[in-house]
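Visitor: First residue of the sequence shown: 1, per my numbering; consecutive thereafter.
Let me begin by handing over the structure; questions about it come next.
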Amino acid sequence: MHAAAAGLAALLLAAPAVATAPEQPVTVHLRLDERPHGSRAERARVRDLEYALMERLAGGAGRLVRDEWRDGFCVLHLAGPDARALWAAVEPAVRAAGPRPGSYAVLRAGPEGAPEERIPLGAGAVTPPR
(Lines of atoms letter the chains of each structure in order from A and count residues from 1; the text may use other names and numbers.)
(Lines give C-alpha, C1' and ligand atoms only; values in the text may rest on other atoms or scores of the structure.)
Protein backbone atom coordinates (compact mmCIF):
# COMPACT_ATOMS: atom_id res chain seq x y z
CA MET A 1 0.00 0.00 0.00
CA HIS A 2 1.29 3.46 -0.86
CA ALA A 3 2.38 5.46 2.22
CA ALA A 4 -0.14 8.26 1.59
CA ALA A 5 -2.96 5.75 1.18
CA ALA A 6 -1.90 3.97 4.36
CA GLY A 7 -1.88 7.28 6.24
CA LEU A 8 -5.33 8.19 4.94
CA ALA A 9 -6.66 4.76 5.88
CA ALA A 10 -5.27 5.16 9.41
CA LEU A 11 -6.93 8.59 9.75
CA LEU A 12 -10.27 7.27 8.55
CA LEU A 13 -10.14 4.34 10.94
CA ALA A 14 -9.21 6.61 13.86
CA ALA A 15 -11.87 9.26 13.11
CA PRO A 16 -14.74 9.27 15.60
CA ALA A 17 -18.10 8.21 14.21
CA VAL A 18 -20.39 11.13 13.47
CA ALA A 19 -23.87 10.58 14.84
CA THR A 20 -26.57 11.50 12.38
CA ALA A 21 -30.28 11.62 12.96
CA PRO A 22 -32.16 8.84 11.19
CA GLU A 23 -33.95 9.85 8.03
CA GLN A 24 -37.71 10.28 8.22
CA PRO A 25 -39.66 8.43 5.54
CA VAL A 26 -42.57 9.56 3.43
CA THR A 27 -44.34 6.95 1.32
CA VAL A 28 -46.79 7.90 -1.43
CA HIS A 29 -49.25 5.09 -2.21
CA LEU A 30 -50.73 5.66 -5.67
CA ARG A 31 -53.75 3.49 -6.47
CA LEU A 32 -53.53 2.01 -9.96
CA ASP A 33 -56.31 0.84 -12.27
CA GLU A 34 -57.52 -2.75 -12.14
CA ARG A 35 -54.26 -4.23 -13.42
CA PRO A 36 -51.65 -5.14 -10.78
CA HIS A 37 -49.06 -2.81 -12.33
CA GLY A 38 -51.40 -0.21 -13.84
CA SER A 39 -51.85 0.70 -17.46
CA ARG A 40 -49.03 1.80 -19.73
CA ALA A 41 -50.32 5.39 -19.44
CA GLU A 42 -50.33 5.19 -15.62
CA ARG A 43 -46.77 3.88 -15.56
CA ALA A 44 -45.72 6.80 -17.78
CA ARG A 45 -47.49 9.28 -15.44
CA VAL A 46 -45.73 7.77 -12.42
CA ARG A 47 -42.37 8.01 -14.22
CA ASP A 48 -43.10 11.69 -14.99
CA LEU A 49 -44.07 12.24 -11.34
CA GLU A 50 -40.80 10.66 -10.18
CA TYR A 51 -38.83 13.10 -12.36
CA ALA A 52 -40.88 16.01 -10.97
CA LEU A 53 -40.20 14.82 -7.40
CA MET A 54 -36.47 14.56 -8.04
CA GLU A 55 -36.45 18.14 -9.35
CA ARG A 56 -38.33 19.38 -6.28
CA LEU A 57 -35.97 17.47 -3.96
CA ALA A 58 -32.83 18.88 -5.57
CA GLY A 59 -33.00 21.68 -2.98
CA GLY A 60 -32.11 19.24 -0.20
CA ALA A 61 -35.44 18.36 1.46
CA GLY A 62 -34.82 14.68 0.81
CA ARG A 63 -34.51 12.06 -1.88
CA LEU A 64 -36.55 9.56 -3.85
CA VAL A 65 -35.34 6.19 -2.60
CA ARG A 66 -37.25 3.77 -4.84
CA ASP A 67 -40.60 2.78 -6.24
CA GLU A 68 -42.44 -0.44 -5.53
CA TRP A 69 -45.28 -1.89 -7.62
CA ARG A 70 -47.59 -4.23 -5.72
CA ASP A 71 -51.21 -5.08 -5.02
CA GLY A 72 -52.66 -2.43 -7.34
CA PHE A 73 -50.48 0.37 -5.94
CA CYS A 74 -47.25 2.07 -6.90
CA VAL A 75 -45.52 3.06 -3.66
CA LEU A 76 -42.94 5.84 -3.91
CA HIS A 77 -40.45 5.71 -1.03
CA LEU A 78 -38.87 9.04 -0.08
CA ALA A 79 -36.61 9.95 2.83
CA GLY A 80 -35.18 13.10 4.34
CA PRO A 81 -34.21 14.78 7.60
CA ASP A 82 -37.79 16.04 8.25
CA ALA A 83 -40.87 14.20 6.96
CA ARG A 84 -43.08 17.33 7.10
CA ALA A 85 -40.58 19.44 5.15
CA LEU A 86 -40.16 16.61 2.67
CA TRP A 87 -43.94 16.34 2.18
CA ALA A 88 -44.24 20.13 1.81
CA ALA A 89 -41.65 19.98 -0.99
CA VAL A 90 -43.35 17.19 -2.96
CA GLU A 91 -47.06 17.58 -2.15
CA PRO A 92 -47.84 20.05 -4.98
CA ALA A 93 -46.33 17.70 -7.59
CA VAL A 94 -48.08 14.64 -6.12
CA ARG A 95 -51.47 16.37 -6.13
CA ALA A 96 -50.89 17.81 -9.63
CA ALA A 97 -50.35 14.25 -10.89
CA GLY A 98 -54.04 13.56 -10.14
CA PRO A 99 -53.85 10.50 -7.88
CA ARG A 100 -56.84 8.14 -8.02
CA PRO A 101 -59.26 7.91 -5.08
CA GLY A 102 -57.81 5.54 -2.50
CA SER A 103 -54.31 6.96 -2.90
CA TYR A 104 -52.59 8.27 0.23
CA ALA A 105 -49.28 9.41 1.71
CA VAL A 106 -47.75 8.32 5.02
CA LEU A 107 -45.36 10.59 6.94
CA ARG A 108 -43.32 9.05 9.77
CA ALA A 109 -41.38 11.34 12.08
CA GLY A 110 -38.64 8.94 13.08
CA PRO A 111 -37.52 5.32 12.92
CA GLU A 112 -39.76 2.27 12.65
CA GLY A 113 -42.47 2.46 15.30
CA ALA A 114 -42.54 6.28 15.45
CA PRO A 115 -45.93 7.99 15.07
CA GLU A 116 -47.28 8.11 11.52
CA GLU A 117 -49.66 10.49 9.78
CA ARG A 118 -51.80 9.25 6.88
CA ILE A 119 -52.80 11.89 4.33
CA PRO A 120 -55.57 11.04 1.85
CA LEU A 121 -54.95 11.84 -1.81
CA GLY A 122 -57.14 11.51 -4.87
CA ALA A 123 -60.23 13.34 -6.05
CA GLY A 124 -61.38 15.91 -3.51
CA ALA A 125 -58.82 14.97 -0.84
CA VAL A 126 -57.02 17.77 0.95
CA THR A 127 -54.28 17.78 3.55
CA PRO A 128 -55.87 18.31 6.97
CA PRO A 129 -54.75 21.44 8.84
CA ARG A 130 -51.93 20.95 11.35
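Just so you know, even glycine gets a beta-carbon here, dropped at the ideal spot from N, CA and C.
Determine the DSSP secondary structure at GLU42, reduced to helix, strand or coil.
Guide: helix
Visitor: Would you call the stretch 26-33 and the stretch 57-76 touching, i.e. three or more CB-CB distances under 8 angstroms?
Guide: yes
Visitor: Taking only three categories from DSSP, how would you classify ARG35?
Guide: Under the three-state reduction of DSSP, ARG35 is assigned to coil, being neither helix nor strand.
Visitor: Looking only at C-alpha atoms, which of GLU55, VAL65, ALA109 and ASP71 sits nearest to PRO36?
Guide: ASP71
Visitor: Quick check: the stretch 51-66 against the stretch 88-105, are there 3 or more CB pairs under 8 angstroms?
Guide: yes
Visitor: From this set, PRO25, LEU121, VAL46 and GLY122, which residue's C-alpha is nearest ARG63's C-alpha?
Guide: Out of PRO25, LEU121, VAL46 and GLY122, the CA that lies nearest to the CA of ARG63 is found in PRO25.
Visitor: If you draw a straight line from the alpha carbon of VAL90 to that of GLU112, how long is it in whole angstroms?
Guide: 22 angstroms
Visitor: Strictly by DSSP, which residues pair up with LEU121?
Guide: Per DSSP, none; premise fails for LEU121.
Visitor: Just to confirm, is the Cβ distance from ALA21 to PRO101 under 8 angstroms?
Guide: no
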